[in-house]
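Chains as they are written, first to last, in the numbering used here: chain A, 631 to 1024; chain B, 564 to 923. A quick write-up on the structure given underneath.
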C-alpha cells in the first residue's frame, strides 16, 4: 500500500465492520497503480456529492473487435488525472469459473503490468472484469491475454459471454453437461461474441437443473435448464433414514410439493411421477434418497431480460424437453433460426423477448418453424379476439 | 529485408475449463451421487466411486485487488493443490480432497478477513453492480451499500438459520446489470427526475430520431431550442428509466437531490416449490445517505427480521407473503402502502386484486 494522496474520511468508514471491504481492496492496490489513489479521491467526491463522476462511455476497443472493452472517462480529469481514462476490460472466464492458482496468477500478472490491479471476480454476466486502464494499454493487455490463452468477453449488441452452473463437475443434480455445452457455444459463436451485429445483446445461460443456479430464467435470452422425463430415482432405505433422523416427510417434503404428487404413509414414499412438475424441492430436501431420473435432458426457454426497454420478462418455454445427447445440435439450429428472424425484424435495442411480445408468440413460432405445444403456455387464451389465417378460412 | 508480421491471436475464447478441474473432480465428473452439509459454508460431495470432494465457500467484496486474488491462489496451493472456483454470487470456493485441511483453511481465511458461509439457508453474497466506482448512469453506489448491508447481516452469512435460502441483490439503476428483478430482496438505485437535455451538444453527438425512439413511453419529442434542433421531455410521461441516456450522452439524468434507493421483495429464480417470479415493490424511495446508508440498512434488516420471525420452514420470502398476503406483509413490517405500489405500466391490471379473497 502506498502513502495516501487524498483524505477519504467517508470511504474510511467502509473499512470498518466484519464484511470484507472493497475500500481496503482499492487501498491495497495503490502500490500497483497510481490510478487507485485517484479512484479513491474521485469516489470520495462521489460520496460527498451523492452522484457518480464518470462520463458516458466512449468508443474504445482492440483492433478487429467491436466489444469486450467498456470505455470510461472521469468528468473530473484535471483533479484526478490518473483516472482520466479508466476503461474496463471484460475477460471471458473459464466456463464454470474454475481456475488453478497458476491461471489466476497469470491473470494477475497481466493486469498488474497493464492496469489498476483492481478486478471484479466476477462481473454480473460472468466475465473477469479488469477495472480501469488507459487507452494505450488496451492492445498490450489483449496481446498478453491471448498469448496466455485468454480472450475478451462480450459487450454491446452481440452474444454476451455465456455462463454455466457448476454442473456435472461437482453436482449430482446436473441433467446435462452444462460446462461442455456452455464452452462449445462460447467457442462456436466467437465471431458473434466479439463483433456486435445484432439489434441488441443476446445471452445464453446453462443451468443443470430447475434450481437454476445461474438465474437463466430471469437473465438469459436462451435459457437451457436441465430436467428429466422419467421417474425420480428413489432409495427407500435412505428415505427411511431421513424419517428416522427426524425429518417430517409429510410436512417438509410432501406438504411443499407444488403438484401434490407425493404421499408418505409413515413407511413408504409414493410419487406419482406423471404429475411431477420437476421443481426439485423433494430432491433438495433429501439429496441422499431422491435423485433426478435417468432420462435426462433440458428444457429450452426464451426471452428473459431486465426492465430496459419495455419491461422485465421471465423466459418462457420454447421446447419442453430435448434429450441431453441432442441438446447442442438443437440449440445451434434453433439459434440460427431465431437470429435470422430477430436480425430481420428486431428494432434497435429490442431483445428477442420484447420482439416476441410485439409480434406474438404464435407468429414467432411460425417464423422459426416450431409447432405450438401446450407446455408453452400457463393456459390457453381467455379472450376471443382470434386472428384466423387466410388458409384456415374458406 | 521485411519480416513477416507477428500473427495476431484472436477469437480463441476462454481456456478450456478441463485444464482447471481438480483430479478428483475429473475422475468423478458426472458421477456425483449426493452431498452432505458439513457446516455452514462447507459441503461434501460424494461420488458413486466413494470419492469425496469438500468445498469451502468464502464471501468476498467482488471488487478484488490482485493482491487478494494472489492470496486466494496461495491458500489454494497450500490446502488443495491449487484448485478453486468462484460462484455465480461472487463467492470463492476452495475444492479439497483432504478433510483435515478444512479447519486450517477456514482459520487462514478468517484471519485474512474472508468469512466462510453462504450455503443453504444462509444469506449468500449480494450480487451487485459497479455504482459510483465505475458507472456513469448509477443512481447510487453499489459496493458501499453492499458492504453496509452485509456488515449488518454478517451472522446470516456464517450461519444457516433462515427458514429458507435468501438471495439479496443490488442494481444501481434500472439497467439492472445485476438483474435484481427476481431476488428475495432487491435493492435498486432509482432516478426521479427526467433527463436534463443538453441543447448545445445533442444535435452534434446523437441521432435525434434514435433518442426519440428510445423512450418506452413516448415522452420525448422534437423541439427547436435557440434555433438548434433538440428534444424536449414530457415530464409527466417520464419514469426515469434512463434508456435515452444510454443511447445519448446529452440526456443525463443523475440528480443528487432526487436519486436514491427502492426496495423490492419476494422474487425468486429457482423452480423449487413455487414458480420463478419477479420481486415486488416494498419501499418506493429511500435517500442516498453515504457512507453507511442507515435508512437502507435498517429497511433491509427489518424485512429480514420480520421474515425470520414469521415464515415457516422452506418458505422463501415470496412464498411466505403468498401465505400471509400483502396487507399482512405491510402490517408486520410497518412499511407504508402508497399509490406508488400500484402498477400503472403495461399489464398493470393483472396485479389488481380480482377476487373477494380478502384476509381480515
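Every residue, glycine too, gets a C-beta built ideally from N, C-alpha and C. Nothing here was measured: the structure is a model prediction, and the numbers come from that model.
field: Whole-angstrom C-beta distance between residue 794/A and residue 836/A, which should lie under 8 Å
entry: 4 Å
DSSP state of residue 892/A mapped onto helix, strand, coil: strand
field: Contact belief for residue 903/B with residue 847/B at Cβ below 8 Å, rounded distance in angstroms
entry: 4 Å
query: Could you give the C-beta distance for residue 928/A and residue 847/A, rounded to a whole number, given that I count them as a contact under 8 Å?
result: That belief does not hold up - the Cβ atoms of residue 928/A and residue 847/A are roughly 12 Å apart, past 8 Å.
field: Straight-line Cα distance separating residue 1023/A from residue 790/A
entry: 43 Å
Within-8 Å CB hit, residue 651/A to chain B: yes
- prompt: Roughly how many whole angstroms lie between the Cα atoms of residue 655/B and residue 731/B?
  reply: 17 Å
- prompt: Roughly how many whole angstroms lie between the Cα atoms of residue 805/A and residue 797/A?
  reply: 8 Å
query: For residue 753/A versus residue 800/A, is the C-beta spacing smaller than 8 Å?
result: no
- request: Indicate the three-state DSSP secondary structure (helix, strand or coil) for residue 994/A in the structure shown.
  value: helix
message: Let me check understanding here. Comparing Cα to Cα, which of 992/A, 911/A, 1004/A and 994/A lies closest to residue 951/A?
response: 1004/A
message: Can you tell me where the alpha helix (DSSP H) holding residue 779/A begins and where it ends?
response: It is not in any alpha helix (DSSP H) - residue 779/A carries neither H nor E in the DSSP assignment.
message: Within 8 Å of any Cβ in chain E, is that where the Cβ of residue 699/B sits?
response: As a matter of chain content, chain E is missing from the structure shown, whose protein chains are A and B.
task: Out of 792/B, 756/B and 862/B, point me to the one whose CA is closest to residue 770/B's CA.
output: 792/B
task: Using a Cβ-Cβ cut-off of less than 7 Å, list which residues of the stretch 842-855 of chain A approach chain B; keep chain order.
output: 842, 843, 844, 845, 847, 848 and 849
message: Which residues of the stretch 928-952 of chain A have a Cβ closer than 8 Å to any Cβ of chain B? Give them in chain order.
response: 936, 937, 938, 939, 940, 941, 942 and 944
message: Alpha carbons only, please: which of 960/A, 924/A and 945/A is nearest the one belonging to residue 1008/A?
response: Of the candidates 960/A, 924/A and 945/A, 945/A places its Cα closest to the Cα of residue 1008/A.
CB contact check: residue 864/A to chain B, cutoff 8 Å: Residue 864/A does not count as touching chain B.
Contained alpha helix (DSSP H) runs [length at least 4] in the stretch 906-946 of chain A, N- to C-terminal order: 911-915
query: Expressed to the nearest angstrom, what Euclidean distance is found between the alpha-carbon atoms of residue 884/A and residue 892/A?
result: 6 Å
- request: Tell me whether the beta-carbon of residue 725/A lies closer than 8 Å to the beta-carbon of residue 580/B.
  value: Taking C-beta atoms as the reference points, residue 725/A and residue 580/B count as a pair closer than 8 Å.
query: Per DSSP, what kind of secondary structure is residue 712/A in: helix, strand or coil?
result: helix
- request: Could you check how far apart the C-beta atoms of residue 815/B and residue 680/A are, in whole angstroms? I think they sit under 8 Å.
  value: Rounded, the Cβ-Cβ distance is 15 Å, inconsistent with contact.
Residue 667/B, enclosing alpha helix (DSSP H) - first and last residue: Element bounds for residue 667/B: 665-674.
- prompt: For residue 840/B, which of helix, strand or coil comes out of DSSP?
  reply: In this structure, DSSP gives residue 840/B an extended state, which the three-state scheme calls strand.
message: At the 8 Å Cβ level, is residue 709/A part of the contact set with chain B, yes or no?
response: no
message: Between residue 873/B and residue 883/B, how many whole angstroms is the CB-CB distance? I'm expecting something under 8 Å.
response: 7 Å
- prompt: Any residues in the stretch 612-631 of chain B with a beta carbon nearer than 8 Å to a beta carbon of chain A? Which ones, in chain order?
  reply: 616, 618, 622, 623, 624, 625, 626, 627, 628, 629, 630 and 631
Three-state secondary structure (DSSP) of residue 1017/A: coil
- prompt: Is the CB of residue 825/B under 8 Å away from at least one CB in chain A?
  reply: no
- request: Please work out which residues of its chain come closer than 8 Å, Cβ to Cβ, to residue 651/A, disregarding the five sequence neighbours upstream and downstream, and give them in chain order.
  value: 644 and 645
- request: Output, in chain order, the set of chain A residues within a Cβ distance shorter than 7 Å of residue 707/B.
  value: 644
task: Taking only beta-carbon positions, decide if residue 742/B is within less than 8 Å of chain A.
output: yes
Alpha-carbon spacing of residue 645/B relative to residue 856/A, whole angstroms: 30 Å
task: Taking a Cβ distance cut-off of 8 Å, strictly less, list which residues of the stretch 655-676 of chain B are near chain A, in chain order.
output: Residues of the stretch 655-676 of chain B that bring their beta carbon within less than 8 Å of a beta carbon in chain A comprise 655, 658 and 676, in sequence order.
- prompt: Per DSSP, what kind of secondary structure is residue 819/B in: helix, strand or coil?
  reply: It is coil, neither helix nor strand.
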